[in-house]
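Protein chains in written order, with this note's numbering: chain V, 15 to 602; chain F, 32 to 197.
Quick reminder that beta carbons are idealized off the backbone N, C-alpha and C, glycines included.
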Ligand SMILES: Cc1ncc(C[n+]2csc(CCOP(=O)(O)OP(=O)(O)O)c2C)c(N)n1
Ligand SMILES: [Mg+2]
C-alpha cells in the first residue's frame, strides 16, 4: 500500500514501541502532527518550550532505559533543541530527535525557517542525517533507533523535509537493519578479565571506581554482587552514584572536586584502581599527574576512545559494563581486604559530609536532602546544576528503587525540572522530585504549565539562596569575594559592588509561591527546620498537581569539601581553620 | 610531534566529509591534508589524511574516527608499505627565455611535465611524493620568487603489493 511519509513516521514510532512522544508543532512539521492526530497507544506531550521538551525526553529515557523521542519543527524549533541534545549526548542518553525541514528543493535557499540542523548538531550528536528520498525513510528511522540505543548510547537527529513527509511511498518498515560502518563491540575479552583478576590477587588496597556506564548498562545488581564477592570498596563518580546502593557497607562515596574525604583519600592511596564506565573527566581527577599515583589502573569501557585518553591505563578492557561485570563475577575468587576496609571506614567517620552546615534557621541543604532520603523510598530524583546539584550528589541516598538523574557532562542549568516531568511520565507510580536552585529553575519554569495540564504531581524543591550560588562560591574562595553578576536579589537600587548579603537586600523576584499558584500548582515556603518534613509529606500525598517547595537556605552556604583547581584530590578544603592558607594560594 | 598518514573507508554520503573534518577542528587535531574520492564501490569513499601529532593523540584520533558512525574502516599507514603520490601544479609567470631553459632542466630532473605554455608563462605538473613536490617547489620558489602560483592536491595513497619499503 502507498502511504505518505508522515504516515510511515507514525507507523515507525509504533513499531519501535514508542509510547510517549515529546512534540512541539510548526509549519514544517504540520504534516507529521496531522498524522499523529488521534493515534492510539502514543501519548503526545506538548511541553511549553523545545528546550524543556528535549530535557523531558532525556529524563524519560534515563529513568526508563527506553529511547526518548522528540519531534519539533524546523528552524527555531530545531535550534531550541541544541542544548538538550548536547546534554543528553554528553551523558550517553538515547534520544531520537525528529526535526521538520523545508522541502528538499528549498534547502540551501535561505527559505523561511530553514536551518542546517544536521550541520549544527554534528559535533554534539552520535549521528545526524537529513532524509533526502522518500524510499529511504523507513530504513533511516530504523537506523536512528538502533544507533541511539546500541553501543554507547547517544542522540540521533533525523531531519525530515516537508516534501518527504508528504510524498507517497511504500508502507514497509524494516524489522532489522545492518549497518556496515557501525558495529559496536560489546563482547568481553576473557584474557583481559583474567589479567585484571591476577592484578587484584597482588593488591592490598584496591578500589572499584564506577561511572555512568554501570548505570546505563543496568548492571547494578551484578555489580553489588561483584563488590560483595571481592570485598572491594566502591567509589563512584557523580554519574555512577547509585551503581550500588549508597547504604551498602562497601560504598565509600563520590570522588572528585566535591568528592567525600574518604573517597578522594581512598583513590589517592589505592594500589589497584578498577574503573568501570568512567571517562576520567577533569572534574574527578584533580591534578592528573597525582591521580591514583601508585595504582595499577584497570579500565572497562564500551568506548575505546575513553581508554587512556586522560589517564594512562595499564589493563584496558573494551566491553559493555554489564557483560564485563558478569564475566568478572563468574571468574573472580573471594578476597580479603579487611584492614583496608577498616581504614576507609575510619576516614568516613573522621570527616563525614554535610555536618558542617549550620544555617541559622536550620533549613540547610543537608537537612532537606536527609528528609527526602527518609520520606521517599520509591523515587526518581533529578537535580539541576549548581550547588543544589552538588549537595544532592553528596547527600542523596540511592537504592535499587531510588535513582538520581543529573546533567553531569554538560552541566546544564534548567535541566532538572523538565527532566523530572519526563521521568514522571515514564514512571507514573514513582515519586518524582527535582532538587534545583533559584537560578536554574527559572531557565525552564514555563514547564509548570506542562506539569499542570498533564497532571504530573512532581515535587519541585527550590533551594533558594538568592545567588547563582556555585559561581558565588568560587568568587568567595578564589576571587577575593568579588560577587560579580551572581546575586539574584540585585536591583538598580543596590550598590554597584556588594559582597555582603544582609537583611536589607531587596525582595527576591519572582515570588515563587505566587508564580507557582498562578499556574495552578501547590506552593509552600519553608523557613524553619521543623517545616521541612510536613512540606515534603504533603507534597508526596498530592496526586494530581505539582508542589513547589521553596526552601530559604543560608545565602552563603558552600559546597564542601572542594579540591581547588590544580590541586591533587588529596588536597581539599574541608571547611575549617586549617583551610585558610589554601584559599589564598594562587591557582592555575 | 610527527607527520602521519591514515586511510579511511567511509560511507559515500552527504555530510561525511564535514563530519570527519569537523572532528579534526572540533578536537583541535592538526590536519595537514585530506583527499577524498569514490572507490570501485561507488557507495564507499576513501580518504587519505595527513596529520601531525604525538603518539598518544594519534591513538586517540584513530579511535575517534573509528567511533564515527559513517566510518567503515581506519587503516593506519604508519607501519605498512604504501604507494603515495601528490599532484601539484605550478604556474610560472614572467618567464624569460633563460627561465624557460632552467624550467626544462628542472622538470627533467624532477620528472615533472610542462603541460601548458605561452611565450612568458609555463605550467608544470608534478606527480610526486609530498617530499618530492616540496623539493621541486623550494627550487622554483628561490628562482622565480613572487612569480609562481601553486595548487597542491594532497596525497593519495594505497597499500603496496610487492614493495616492502615505503
Ligand atoms: C545554562 C547554564 N548557564 C550557566 C551555567 C554556569 N553555572 C553553573 S552553576 C551556576 C549557578 C546556578 O545557580 P542556582 O541555579 O541558583 O543554583 P545554586 O548554585 O545557587 O544552587 C551557573 C551560573 C550553567 N552551568 N548552565
Ligand atoms: Mg541559587
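Residue range of the alpha helix (DSSP H) that includes residue i
| i | result |
| --- | --- |
| residue 148/F | No alpha helix (DSSP H) holds residue 148/F; the beta strand (DSSP E) holding it covers 144–149. |
| residue 8/V | Absent from the model: residue 8/V. The displayed extent of chain V is 15 to 602, so no value can be given. |
Proximity to residue i [Cα-Cα], best of the options
| i | options | result |
| --- | --- | --- |
| residue 194/V | 98/F, 151/F and 54/F | 98/F |
| residue 120/F | 193/F, 82/F and 146/F | 146/F |
| residue 79/F | 175/F, 39/F and 157/F | 39/F |
| residue 113/V | 54/V, 294/V and 47/V | 47/V |
| residue 151/V | 125/V, 21/V, 218/V and 445/V | 21/V |
| residue 255/V | 362/V, 60/V, 317/V and 422/V | 422/V |
| residue 153/F | 96/F, 131/F and 86/F | 131/F |
| residue 541/V | 535/V, 521/V, 568/V and 555/V | 568/V |
| residue 389/V | 129/V, 561/V, 546/V and 43/V | 546/V |
| residue 575/V | 116/V, 275/V and 28/V | 275/V |
| residue 156/F | 183/F, 176/F and 54/F | 183/F |
| residue 347/V | 437/V, 368/V and 240/V | 240/V |
| residue 111/V | 45/V, 53/V and 35/V | 35/V |
| residue 393/V | 258/V, 55/V and 412/V | 412/V |
| residue 250/V | 395/V, 264/V, 61/V and 544/V | 264/V |
| residue 337/V | 83/V, 165/V, 302/V and 84/V | 165/V |
| residue 448/V | 512/V, 526/V and 477/V | 477/V |
| residue 489/V | 572/V, 408/V, 342/V and 159/V | 572/V |
| residue 428/V | 69/V, 44/V, 17/V and 37/V | 69/V |
| residue 358/V | 502/V, 61/V, 219/V and 549/V | 219/V |
Identity of the residues DSSP links to residue i by a beta bridge
| i | result |
| --- | --- |
| residue 39/F | 78/F and 105/F |
| residue 180/F | 122/F |
| residue 220/V | 286/V |
| residue 112/V | 85/V and 172/V |
| residue 539/V | 564/V |
| residue 253/V | DSSP lists no partner for residue 253/V. |
| residue 65/F | 80/F |
| residue 157/F | 119/F |
| residue 330/V | 313/V |
| residue 141/V | 170/V |
| residue 33/F | 84/F |
| residue 376/V | Residue 376/V pairs with nothing; no bridge assigned. |
Nonlocal neighbours in the same chain, by C-beta distance under 6 Å from residue i, ignoring five residues either side
| i | result |
| --- | --- |
| residue 26/V | 155 and 187 |
| residue 107/V | 72, 75 and 76 |
| residue 163/V | 81 and 108 |
| residue 141/F | 167 |
| residue 15/V | 185 |
| residue 42/F | 101 |
| residue 31/V | none |
| residue 77/F | 40 and 70 |
Reduced DSSP secondary structure (H/G/I, E/B, other) of residue i
| i | result |
| --- | --- |
| residue 57/F | helix |
| residue 505/V | coil |
| residue 565/V | strand |
| residue 548/V | helix |
| residue 582/V | strand |
| residue 450/V | strand |
| residue 277/V | helix |
| residue 510/V | coil |
| residue 498/V | coil |
N-terminal and C-terminal residue of the beta strand (DSSP E) that residue i is part of
| i | result |
| --- | --- |
| residue 477/V | 473–478 |
| residue 38/V | 34–38 |
| residue 130/F | Where residue 130/F is concerned, there is no enclosing beta strand (DSSP E), although the alpha helix (DSSP H) it sits in stretches over 128–141. |
| residue 313/V | 310–315 |
| residue 183/V | 182–184 |
| residue 16/V | 16–18 |
| residue 464/V | Where residue 464/V is concerned, there is no enclosing beta strand (DSSP E), although the alpha helix (DSSP H) it sits in stretches over 462–467. |
| residue 267/V | 265–268 |
| residue 418/V | 416–419 |
| residue 393/V | 393–397 |
Other residues of its chain near residue i: CB distance less than 7 Å, five sequence neighbours each side excluded
| i | result |
| --- | --- |
| residue 103/V | 138, 139, 140, 168 and 169 |
| residue 340/V | 236 |
| residue 309/V | 284, 285, 286 and 287 |
| residue 148/V | 19, 178, 181 and 183 |
| residue 371/V | 378, 379, 380 and 571 |
| residue 107/F | 37 and 93 |
Sequence-distant residues of the same chain with beta carbon closer than 8 Å to residue i, five excluded per side
| i | result |
| --- | --- |
| residue 554/V | 389, 390, 445 and 473 |
| residue 602/V | Here the model assigns residue 602/V a pLDDT of 38, short of 50, so the residue's position is not dependable, and the following value carries that caveat. Cβ within range, chain order: 579 and 580. |
Closer than 8 Å: residue i CB and nearest ligand 3 heavy atom
| i | result |
| --- | --- |
| residue 486/V | This structure simply doesn't include ligand 3; it includes ligand 1 and ligand 2 instead. |
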